[in-house]
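With the sequence shown counted from 1, adding 2 to any position gets you my numbering.
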Amino acid sequence: MAADTGTACGDTRPVGDGTTVRFAVLVILILATSGLMLMYVAIWWVSHADSSGCGLAAGLDPSHPSDLQAAVSQINQGMAYANCQRRFAQPPPWWVPVSWLALLAAAAVALFGSLPVWKARRSRVVPLAAVDGDGEIRRVLEEVASVAGVARMPRVVVDPAAASVGALVFGRTGKPVLSLHGGLLARRVRDPEGFRAVLLHEFAHIRNGDITLTYATVALWRVFLALAAPPYLVGLAMILFNGLRSGSRLLAVPSRSVLLVAFLTALVYLARSDVLRSREFHADRAAARWGADPRGWHGTAPAKRGGVLTRELATFAGLWRPHPRWDLRQDALTDAGPVYGVFALPMFLTGAGAVLINTQLLAAPMPYVQYTVGQLVGQAAALVAAGTVAGVVGTALWRAVIHAVLTGRRPPSGIRAGLWLGAGMTVGNLVSGQGTIAQFFPSRSTLLLQFLLGGPAFTWWTAQCAQLWVRTWRGRTLRPALVVSLVAGGLALAQWFTWWHGYGVRLATGWWYDPAGFRQWLEQVYPGPAADHRTMLSAIALVSPFMLNLAQGVPLVGLAVAALWVVPLAAWALRPRPGAPPWTRGAARDIEGAVEPPAEALPGMRRVMLPSLLCGVGCWAVVVAVLLIPQAGVSGADPRRAGVPGLLFLAWTFVALTAAALTAAVVAAVRADRYRLLVTLAAAQTTVLVGLAAPVALLTFDGCVDRLSLFESSCGWRPGRLAGWTDSHTVLDFAVMTVTVAAFVVAATVSAVRRAPGLRRRPASPAPRGREGPRVRRVLPAALCVLALTVSAARAAHQEEVVAASSDVRHWQESALRDSQEQARKVQPRIRTGPVSPRIRAMQVNAWSRLGGEELLKRVRRERDGIAAIGRVFVAEKKPPSYLDRIRPNCERIGRTVLDAVSYFDVPDPQAQKLWERFMLNAAYTTLNCRKALAHLDADRLKEAHDALGTSFRELRAACLLGEAIDSRIKAVERAGGM
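This is the structure in structure tokens:
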């Protein structure tokens, strides 16, 4: 929130202007970008890490870059790629980029401290006492400071060389410096009111706390341009030069990085200028409230000349100036609308900045964190980015709604602001390369259209929530309702960001599940009578990919969705009070033409909740019917493992929940005349909450009713059944997300139909609340809010415990990657690769050999030589049979080599890959037969031991011959490619 502004008596604004949050967004963006750039510089110049070799070893073709091929290769060979990155693309120690970032911050602090000194010396200012011999100017300044509520007088200097009739404040808020221009002092005698107006304007900047934020941003930005950007751009230039010289086509990433620096420069400059213009408006209005004559600081508005193009160019040029035009400043003094308006430029810049913040905060620490810790980092980055959007966009919409309600105008819907917000997010994703790996644009660019839908959805909800609370809140200030609303909207937005940056970007590369492979995987994971339920399983196989992609990696989704409907629903629980809300008394002094908002009765709870309760009971009936009908196939589920019956039960539960919630949403949206989106959300989610009671009760008391038993045959209290059933959590999250999206779609569709010509309805008069009593009107929403938040918080806490339980265990990370890799091999899309040039093939096999393949072959040869040496001693010195036990470590090391080979890359050459597969098989049989021989030897079965050892040695010899053939093939490929 912004710093206090207003008279010395206090702030008259209902909520802050949001400019402080916008300054904070700039600071976070600059710091996050600097940290990421410094990490890349450290990788290039300190650790000399190069990940391109890992891509070549994985079979990527740099001459024909394909994001889908890169995604499939990295997922399909996840263990090999992760190990390769860990060994050969290791980032520098964490303290290197952190130290550089600390140095950057220290330089910014030093520059911030030296800016006042430099500014004073450059202007050759003199102390006020040097020109104010009688102290008259000092007395005027003290009187103005008292009016403005500034307790501590700033240091005052005079710039005699400045002929303008203005002044300037610089330094920092706690120790400001006020510079009076020579022309202003000359004006004091002939126009004392104008002199006082200029002083009041400058003291308004001090009172508003503008100075520190302004000059801190300037210092940080200049240090970024001087210390962080140059080495980063030099490194990019070297990469581009080497790529062009070698003929590589992998130039999209460095080219986009150069574009990102240019885009960031323009974004920061535009955002800073926009904030400064906004603060000029607020300083003008504060000075006018304190008695300043507006003519004292306003110049003559330029006449509008030229055609449309000339005026548009002038408007565009004005976006880059830190001071607004005089005519706009004059208009803002008589009409608070422009000050409380929602404009396109801040929305666009906030959307683009939020995406860049999320991207930079997510990418910078990722090389240093484990797999599960990376999930927590992703959530934290998304929360910060979403917080910036909620703080800037949400505050602007609340201010616009407050102004509209108090002046009797129509409140904004938020759709236009959301479109500009979504446009900024779309551009930010394109510039930062989200959804791409080696290409310049995503393969599925249409996925970026989600931001043009999600942005308006967020602003629509925020605007309606603001209107609801502005009309019902009866506190002394609106800030509690504002903060709760922004937290709810920001939390929901963060879950969307988390999904997009974690899983959605993979879809943008062109990746999707193979239908046949996914169906086969589904039948393997959930064994059972699949042939009896082909239709249902086909539907599950069609929906499950969406569920797995959307409901994973967003553990707070339940809490976020609950906040979206609980926060508005809480307005029904407030006790109505007669008279004007207390918060409007101060707002009336800041908004011209403000009137007491008319009383407005909320829609009756019966109209909202009765359809939800009925649909929830209908969901119970469906769940019970599924258990009673044998053809549904849900009876007889094995409690010890997943199977088809349990899967079918979850599927029918999902169908019942979504169908019931969708029905309730349609009924609520059609019947609602006001707050349609909020009412629809509340109705749909209440249905889900009520409908869940049946499956939760059945699972908790499973076995107590014979015909309604799912897993157990004996009655008992089993509260851990639902908590331990992981699949049920995924289905529940997906159901909640599906119902939420459906509620938005239903509300938007009904609103669009109602706006169609011929279907518009006249504004309805305040409807009666219904026949329910006052206690019911308040208790029912309050009970639903408490229940929803309790269930959602418990679900979120359980998910966070699951994520954090093994966040620092490397073994879990490797096992998770291995499981993910095995699943990906089964369900990955089938892609066709084109012909590879001999040079690229040579580079691929060279990288495969250099980064680990050659070492694996040598390890087997070393163990062969060790075993041969033991055998020679055994024969030459006629050792006893027990002497052969010394080959046991060699055999085990061969087995470990086989495991490492399985986790390594496939050879990026079909012929060599066939040899490699036979090599691993022979080496594995070597270890198995060796173990068998040593077991026979321990049992004094010498003949069996002799035969097993002979087989093991033959397998080892065959493996080594295959290794030599692999070496020969790799050399041949390298020669063919000119290496």
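We put the CB at the ideal spot given by N, CA and C, even for glycine.
Per DSSP, the beta-bridge partners of Val171 are Leu180. Residue state for Arg676 is assigned as coil, using DSSP reduced to three classes.
Taking a C-beta distance under 8 Å as the contact criterion, Phe172 and Pro118 qualify as a contact pair.
The C-alpha of Ala961 lies about 15 Å from the C-alpha of Glu894.
The segment 429-447 makes no contact with the segment 457-475, as fewer than three CB pairs between them are under 8 Å.
For Asp161, no alpha helix (DSSP H) segment is defined; the enclosing uninterrupted segment is the beta strand (DSSP E) at 157-161. Rounded to the nearest angstrom, the gap between the Cα atoms of Leu694 and Leu659 is 8 Å. Counting only runs of 4 or more residues that sit fully inside the segment 192-221, the alpha helix (DSSP H) segments are 194-210, in chain order. Looking only at Leu201, Gly168, Gln915, the smallest Cα-Cα distance to Val149 is reached by Leu201. The three-state reading of DSSP puts Val975 in helix, counting H, G and I together.
Ala402 and Gly343 do touch by the CB rule: their CB atoms are close to 6 Å apart, below 8 Å. For the pair Gln687 and Leu701, the Cα-to-Cα distance works out to about 21 Å. Assigned with DSSP and collapsed to three states, Val357 falls in helix. Contact between Glu865 and Asn848 does not hold, since the beta-carbon distance rounds to 25 Å and is not under 8 Å.
Fewer than three pairs of CB atoms, one per stretch, sit closer than 8 Å, so the segment 518-534 makes no contact with the segment 465-473.
The alpha-carbon separation between Arg323 and Asp276 amounts to approximately 8 Å. Looking at the DSSP output, Pro118 bridges to nothing. Residues Asn360, Ala384, Ala387, Ala388 of the same chain have their beta carbon placed closer than 7 Å to that of Phe499, with the five preceding and five following residues left out of the count. CA-CA distance, Leu269 to Thr216, rounds to 16 Å. Counting C-beta pairs closer than 8 Å gives three or more between the segment 53-73 and the segment 434-444, which meets the contact rule.
Proximity to Asp969 across Leu936, Leu629, Gln913 peaks at Gln913, based on C-alpha coordinates. Taking one beta carbon from each stretch, the segment 239-248 and the segment 129-142 have fewer than 3 pairs nearer than 8 Å; the two do not touch.
Exclusion of the five residues before and after Gly237 leaves Tyr42, Val43, Trp46, Trp47 as the residues of its chain whose Cβ lies within less than 8 Å of its Cβ. Between the alpha carbons of Thr175 and Gly185 lies a gap of roughly 25 Å. In this structure the segment 333-340 does not touch the segment 349-368; the number of beta carbon pairs closer than 8 Å is below three.
Here the segment 738-751 lies against the segment 560-570, with 3 or more beta-carbon pairs under 8 Å apart. Note on geometry: alpha-carbon atoms of Pro444 and Leu272 lie some 27 Å from one another. Setting aside the 5 residues that flank it on each side, Ile213 is surrounded in the same chain by Val171, Phe172, Gly173, Arg174, Thr175, Pro178, His207, each with a C-beta closer than 8 Å to its C-beta; the list follows chain order. Spanning the alpha carbons of Asp902 and Ile896 requires a straight line of approximately 10 Å.
Nearest neighbour of Glu598 by Cα position, chosen from Val507, Arg411, Ala699, Gln452, turns out to be Arg411. When Ser75, Leu38, Glu138 are compared, the shortest CA-CA separation from Pro94 is found for Leu38.
The shortest CA-to-CA distance from Asp908 to any of Leu930, Leu951, Leu853, Arg959 is the one to Leu853.
Collapsing the DSSP output to three states places Val128 in a strand. Linking Pro547 to Met538 through their CA atoms gives a straight-line distance of about 15 Å.
Taking a 10 Å sphere around the C-beta of Phe350, we find 16 or more other C-beta atoms and assign the residue as buried.
From the listed residues Thr409, Gly416, Leu408, Tyr885, the smallest Cα separation to Ala398 is found for Gly416.
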